[in-house]
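In what follows, a single structure is set out as structure tokens and then discussed.
In our numbering, the protein residues as written are 7 to 332.
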């Protein structure tokens with residue numbers, strides 16, 4: 007985080023970063039550049055904090071969904087949460103222009119909640135399609151996710167057919183991922199609708215550990231399986247939906263991060279969930295730093311960087327599972 011505060015199109019020496027941050031805590035330090043302070047405090051700091059929250063939220067949502075479905079290939083984007091959230095966000099922008107631009111409160115809060123509704127709708131549809139005789143079939147789950155993603159993509163295209171030039175330019179934000187619009191005005195939404203649900207997911211570690219043994223075994227251990235499923239689906243959809251509304255489509259973080267944690271530290275969700283939040287925050291922060299510095303002063307879409315990292319990892323997982331099954 008400190009490295010990200012220092013580097014960028016407008017480089018700020020590390021000593022100046024410490025001086026500016028120290029000034030905010032009442033330390034009177036010399037050599038504080040006011041223009042550098044404005045860039046750091048008003049542009050770079052809120053962007054980095056929101057990136058940490060979104061990355062951590064995607065990581066913990068991916069870990070929770072993988073534990074819920076007992077499937078290492080499950081990821082928020084793969085089962086339709088991200089595409090559903092993007093669809094409803096685009097609908098909010100294009101078809102409700104008066105409401106979307108009416109006030110900062112409605113725009114900052116209405117769009118994330120609308121995106122959450124889209125993510126929840128899509129993941130619930132995938133879950134119902136994949137559920138047969140009380141069990142969730144892995145192959146059907148992935149196929150249902152592909153189908154729902156294709157349907158969401160078609161509906162997004164249909165919605166954009168009625169959009170004006172301004173809405174079409176905004177769609178780049180949703181399709182490629184971008185943190186450039188981050189500001190302090192979006193921080194309350196991010197901390198309340200990503201941070202708090204993430205903490206609630208961490209408290210579900212016992213239930214997820216029980217579900218990893220199987221739904222029937224979890225039921226005999228006294229777990230209300232259906233209630234736990236609904237709660238995890240709602241919390242995950244809320245986290246991902248709000249993340250999409252703030253930063254667009256950012257894929258593969260929820261796939262890569264839980265796997266790295268399980269490889270390094272085992273499958274106990276008491277550790278997997280908070281560690282996935284931490285590693286997801288670090289990964290997205292590093293990706294954002296690369297996006298801001300690789301082609302400086304221009305910026306790369308952050309969703310492109312996460313896809314370049316995640317897609318080869320996803321292919322590796324498929325080959326690894328094929329070897330195990332054979």
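Just so it is clear, CB atoms sit at the ideal spot from N, CA and C, and this is done for glycine as well.
So within the stretch 181-224, which uninterrupted alpha helix (DSSP H) runs reach at least 4 residues, ignoring any that extend past its ends?
Taking only runs of at least 4 residues, the alpha helix (DSSP H) segments lying wholly in the stretch 181-224 are 193-196, 202-208 and 211-217.
In whole angstroms, what is the alpha-carbon distance linking residue 311 and residue 183?
To locate residue 311, count along the chain shown from 1; it is residue 305. To locate residue 183, count along the chain shown from 1; it is residue 177. Answer to the nearest angstrom: the Cα atoms are 9 Å apart.
Quick test of your reading: residue 241 and residue 203, contact by CB under 8 Å. State the CB separation rounded to the nearest angstrom.
Translated into the one-based positions of the chain shown, residue 241 becomes position 235. Translated into the one-based positions of the chain shown, residue 203 becomes position 197. Right, the Cβ-Cβ distance comes to about 5 Å (below 8 Å), so this counts as a contact.
Alpha carbon to alpha carbon, how far is residue 199 from residue 278?
Numbered from 1 along the chain shown, position 193 holds the residue referred to as residue 199. Numbered from 1 along the chain shown, position 272 holds the residue referred to as residue 278. The straight-line gap from Cα to Cα measures roughly 21 Å.
Can you tell me whether residue 329 is buried or exposed? The criterion is at least 16 other CB atoms within 10 Å of its CB, across all chains shown.
The residue you call residue 329 lines up with position 323 of the chain shown. Classification for residue 329: exposed.
Give the C-beta separation of residue 56 and residue 196 to the nearest angstrom, bearing in mind that I take them to be a contact with Cβ-Cβ under 8 Å.
Translated into positions along the chain shown, residue 56 becomes position 50. Translated into positions along the chain shown, residue 196 becomes position 190. Right, their Cβ atoms sit about 5 Å apart.
Note down the Cα distance separating residue 235 from residue 229, rounded to an integer number of angstroms.
Position 229 of the chain shown holds residue 235. Position 223 of the chain shown holds residue 229. One C-alpha to the other measures close to 11 Å.
Taking the C-alpha atoms as reference points, what is the distance between residue 271 and residue 218?
Locating residue 271 in the chain shown gives position 265, where the first residue counts as 1. Locating residue 218 in the chain shown gives position 212, where the first residue counts as 1. The alpha-carbon atoms of residue 271 and residue 218 are separated by roughly 16 Å.
Can you round the beta-carbon distance between residue 26 and residue 13 to whole angstroms, since I take them to be within the 8 Å contact cut?
For the purposes of this step, residue 26 is taken as the residue at position 20 of the chain shown. For the purposes of this step, residue 13 is taken as the residue at position 7 of the chain shown. At roughly 15 Å, the Cβ-Cβ gap does not stay under 8 Å, so residue 26 and residue 13 are not in contact.
What does a CB cutoff of less than 6 Å around residue 20 pick up in its chain, not counting 5 residues either side in sequence?
Counting from 1 along the chain shown, the entry for residue 20 is found at position 14. Excluding positions up to five away in sequence, the list reads 12.
Taking Cβ positions, are residue 282 and residue 65 nearer each other than 8 Å?
Locating residue 282 in the chain shown gives position 276, where the first residue counts as 1. Locating residue 65 in the chain shown gives position 59, where the first residue counts as 1. For residue 282 and residue 65, yes; Cβs fall inside 8 Å.
List the whole-angstrom C-beta distance separating residue 120 from residue 95, where the pair is believed to meet the contact cut-off of C-beta under 8 Å.
Reading the chain shown from its first residue, position 114 is the one you call residue 120. Reading the chain shown from its first residue, position 89 is the one you call residue 95. Correct: roughly 7 Å between the Cβ atoms.
Which of the three DSSP states, helix, strand or coil, is assigned to residue 16?
As a working note, residue 16 is residue 10 in the chain shown. The answer is coil: DSSP assigns residue 16 none of H, G, I, E or B.
To the nearest angstrom, how far is it from the Cα of residue 226 to the Cα of residue 82?
The residue you call residue 226 lines up with position 220 of the chain shown. The residue you call residue 82 lines up with position 76 of the chain shown. Residue 226 and residue 82: Cα-Cα distance of roughly 29 Å.
From what residue to what residue does the alpha helix (DSSP H) around residue 46 run?
As a working note, residue 46 is residue 40 in the chain shown. No alpha helix (DSSP H) contains residue 46, which DSSP labels as neither H nor E.
Could you compute how far the alpha carbon of residue 265 sits from the alpha carbon of residue 39?
For the purposes of this step, residue 265 is taken as residue 259 along the chain shown, with counting starting at 1. For the purposes of this step, residue 39 is taken as residue 33 along the chain shown, with counting starting at 1. Approximately 43 Å, taken between the alpha carbons.
Would residue 309 and residue 254 be called neighbours here (beta carbons separated by less than 8 Å)?
Stepping through the chain shown from its first residue, residue 309 is reached at position 303. Stepping through the chain shown from its first residue, residue 254 is reached at position 248. Yes, the pair counts as a contact, with Cβ atoms nearer than the cut-off.
How many angstroms separate the CA atom of residue 60 from the CA atom of residue 249?
Indexing the chain shown from 1 puts residue 60 at position 54. Indexing the chain shown from 1 puts residue 249 at position 243. Approximately 5 Å, taken between the alpha carbons.
Does DSSP put residue 6 in a helix, a strand or coil?
It is not possible to answer for residue 6, since the shown part of the chain is limited to 7 through 332.
By the three-class DSSP mapping on this structure, what secondary structure does residue 106 have?
One-based indexing of the chain shown puts residue 106 at position 100. The pLDDT assigned to residue 106 is 49, lower than 50, so where the model puts this residue is not dependable; a value taken from the coordinates is nonetheless given after this. The answer is helix: DSSP assigns residue 106 an H, G or I state.
Please go through the stretch 221-250 and give each complete beta strand (DSSP E) segment of 3 or more residues, from N-terminal end onward.
You should have found no qualifying run.
Smallest Cα separation from residue 209: which of 10, 178 and 275?
To locate residue 209, count along the chain shown from 1; it is residue 203. When each option's Cα is compared against that of residue 209, the closest is 275.
Compare the beta carbon distance of residue 323 and residue 52 with 8 Å and say whether it is the shorter of the two.
Counting from 1 along the chain shown, the entry for residue 323 is found at position 317. Counting from 1 along the chain shown, the entry for residue 52 is found at position 46. No, Cβ-Cβ distance for residue 323 and residue 52 is not below 8 Å.
Between the beta-carbon of residue 93 and the beta-carbon of residue 124, is there less than 8 Å?
Locating residue 93 in the chain shown gives position 87, counting from the first residue. Locating residue 124 in the chain shown gives position 118, counting from the first residue. Yes; because the gap between Cβ atoms is below 8 Å, this pair is in contact.
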